[in-house]
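I have placed the structure first, in the form of structure tokens, so that the comments after it can refer back to it.
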Amino acid sequence: MQFKFSDGKELRKHWMLAEDMHFLNHGSFGATPRVVLQAQQRFRDRLELQPVDFLVRQAPAELRAAAGELAEFLGARGEDLAFVENATAGVNAVLRSYPWQAGDELLLSAHAYPAVKQLARFVAHQCHIVIREFDFAFPLQEGEILERFTAAVTPATRMAIIDHVSSPLAILYPLQEMLAVCRAKGIRTLVDGAHVPGMLPLEIPALGVDWYVGNCHKWLFAPKGCAFLWAAPNARDFLQPPVVSLRMEEGFPATFDWVGTRDPSAWLSISAAIAFYREMGGPDIPAYLHQTLLEACQLLQDAWQVESPAAPQQLGTMATLPLPLSGEATLERANQIRDQLWREHRIEVPLFALKDRLWIRISAQLYNVMDDYRALAVAVQHLPGYQA
Ligand SMILES: Cc1ncc(COP(=O)(O)O)c(C=O)c1O
Numbered sequence: 116m117q118f119k120f121s122d123g124k125e126l127r128k129h130w131m132l133a134e135d136m137h138f139l140n141h142g143s144f145g146a147t148p149r150v151v152l153q154a155q156q157r158f159r160d161r162l163e164l165q166p167v168d169f170l171v172r173q174a175p176a177e178l179r180a181a182a183g184e185l186a187e188f189l190g191a192r193g194e195d196l197a198f199v200e201n202a203t204a205g206v207n208a209v210l211r212s213y214p215w216q217a218g219d220e221l222l223l224s225a226h227a228y229p230a231v232k233q234l235a236r237f238v239a240h241q242c243h244i245v246i247r248e249f250d251f252a253f254p255l256q257e258g259e260i261l262e263r264f265t266a267a268v269t270p271a272t273r274m275a276i277i278d279h280v281s282s283p284l285a286i287l288y289p290l291q292e293m294l295a296v297c298r299a300k301g302i303r304t305l306v307d308g309a310h311v312p313g314m315l316p317l318e319i320p321a322l323g324v325d326w327y328v329g330n331c332h333k334w335l336f337a338p339k340g341c342a343f344l345w346a347a348p349n350a351r352d353f354l355q356p357p358v359v360s361l362r363m364e365e366g367f368p369a370t371f372d373w374v375g376t377r378d379p380s381a382w383l384s385i386s387a388a389i390a391f392y393r394e395m396g397g398p399d400i401p402a403y404l405h406q407t408l409l410e411a412c413q414l415l416q417d418a419w420q421v422e423s424p425a426a427p428q429q430l431g432t433m434a435t436l437p438l439p440l441s442g443e444a445t446l447e448r449a450n451q452i453r454d455q456l457w458r459e460h461r462i463e464v465p466l467f468a469l470k471d472r473l474w475i476r477i478s479a480q481l482y483n484v485m486d487d488y489r490a491l492a493v494a495v496q497h498l499p500g501y502q503a
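Residue numbers for the sequence shown follow the numbering used here, beginning at 116 and rising by one.
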């Protein structure tokens, strides 16, 4: 099939997404194309046809082949990559099995994903380490992220968690520069790339990181529960999945391949997801979605008379814009407006409260058309407290 970028409405048929809605939140959980779900169902059918034969004799080798295929897509080797259920599990694996010394410092952004911050707190308590957060202004000030990050490094900094793409800010961190700081100081690096596979071109080994965690169920079209942990050869001896299990002594990645009985169909479907991604445009997708996003941002900025908090080169396929609403900026109100947009306008889009403002994060996926963003522009103009 020849892919036509210009026809988002036609492309939407590849997804099960309800037709009578504007789905502007691909970022939260992705949306899995029909062909990938069908491939997943075929794996489930095989599993149920003969559970023991499938799980014991067939799936292990197929799982490693799938890891190899995903690794190749990421410029990596299969033996350096383990499947995990989600980014949360991948970050858990690293933080909870790293051989911390009491007093070590873990450096992360004040805007790190909330689940990652919770986990850091948990590990700090268990292992007697110190969490150091660096913060920065949003709207972004040029060079500030790197400056604040560098200033937060101390002689005790043992590991840094660096978001590749931030949620909820939807910005790209200056990853190369931050990694260079860590290399110069001998700091271990864990990159949280929850949004990155499929959103940005990605060659993991070339980054020079210790660990890279990525979701395939967001922008790479895999079924939910398909994510990975990549580990550099010198950063894996101690690695165990969050659920320590049968193959504990076999080392990475084998120890991750069996963590009790479960359905491996999401992982095995990665081949179908990558095939769909390639069919839809492969390496051309990130630039196309980025362009769609910029057009959408311009439309909303013109309609609401707001400024973008980030430059175009700091965005991938999502953007967070200020909402032109007066009144209190609380998470409760953000959620209430989110639900109101869904109930009254059939628009699904996430909102956040940050630094005394309400913000809205839009995504651009192949099935989106400008009418989706136009609908959002108008719906917001009808909200109580709207002021352009
Ligand atoms: C930066 C970041 N890290 C981690 C996660 C957690 O991903 P998951 O829910 O798939 O574990 C997300 C989810 O959006 C994220 O944006």
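C-beta atoms are modelled at their ideal positions from N, C-alpha and C, and glycine is treated no differently.
Nearest to residue 344 by CA position, among 177, 200, 187 and 220, is which residue?
200
Given a cut-off of 8 angstroms, decide if residue 140 and residue 463 are closer than it, judged by their beta-carbon atoms.
yes
Find out if the Cβ-Cβ distance for the pair residue 398, residue 316 is shorter than 8 angstroms.
yes
May I ask whether a heavy atom of ligand 1 can be found less than 7 angstroms away from the beta carbon of residue 464?
In terms of side-chain proximity, the C-beta atom of residue 464 is found no nearer than 7 angstroms to any non-hydrogen atom of ligand 1.
Residue 167 to residue 159, Cα distance in whole Å?
13 angstroms
Rounding to the nearest angstrom, what Cα-Cα distance links residue 292 and residue 349 in this structure?
Rounded to the nearest whole angstrom, the C-alpha separation of residue 292 and residue 349 is 22 angstroms.
Going by DSSP, what residues sit across from residue 138 in a beta bridge?
463
Please indicate yes or no: does the CB of residue 360 lie closer than 7 angstroms to some heavy atom of ligand 1?
No.
So residue 220 and residue 272 are supposed to be a Cβ contact under 8 angstroms. How far apart are they, rounded?
Indeed, because the Cβ distance is near 5 angstroms, the residues count as touching under 8 angstroms.
Out of curiosity, what's the CA-to-CA distance linking residue 174 and residue 196?
17 angstroms
Quick check on the burial criterion: 16 or more other C-beta atoms within 10 angstroms. Buried or exposed for residue 116?
Interpretation of residue 116 is limited by its pLDDT of 45, a score under 50 that renders its predicted location unreliable; the figure taken from the coordinates is listed afterwards. Residue 116 comes out exposed.
Is the number of C-beta pairs between the segment 181-188 and the segment 282-289 that are closer than 8 angstroms three or more?
no
CB residue 308 to CB residue 328, shorter than 8 angstroms?
For residue 308 and residue 328, yes; Cβs fall inside 8 angstroms.
Run the CB neighbour count on residue 332, radius 10 Å, all protein chains shown included, and call it buried at 16 or more, exposed below.
By the beta-carbon neighbour count (other beta carbons within 10 angstroms, threshold 16), residue 332 is buried.
In angstroms with no decimal places, state the Cα-to-Cα distance between residue 234 and residue 400.
33 angstroms
Count the other CB atoms, across all protein chains shown, that sit within 10 Å of the CB of residue 359; report buried if there are 16 or more and exposed otherwise.
exposed
Quick one: what's residue 312 bridged to in DSSP?
315
Just verifying my parser: in three-state terms, what is the DSSP assignment at residue 343?
Residue 343 sits in a strand when the DSSP states are folded into three classes.
In this structure, what does DSSP give as the bridge partners for residue 278?
307
Is the beta carbon of residue 141 within less than 7 angstroms of some heavy atom of ligand 1?
Outside the cutoff, so no.
List the DSSP bridge partners of residue 326.
Paired residues: 305 and 346.
Please classify residue 303 as buried or exposed, where buried requires at least 16 neighbouring CB atoms within 10 angstroms.
buried
Report the rounded CA-to-CA distance for residue 406 versus residue 137, giving the unit in angstroms.
19 angstroms
Please classify residue 257: does DSSP put it in a helix, a strand, or coil?
coil
Using 7 angstroms as the cut-off, classify the Cβ of residue 174 as near or not near the heavy atoms of ligand 1, replying yes or no.
no
Less than 8 angstroms between the C-beta atoms of residue 470 and residue 253, yes or no?
Result yes, Cβ atoms of residue 470 and residue 253 sit closer than 8 angstroms.
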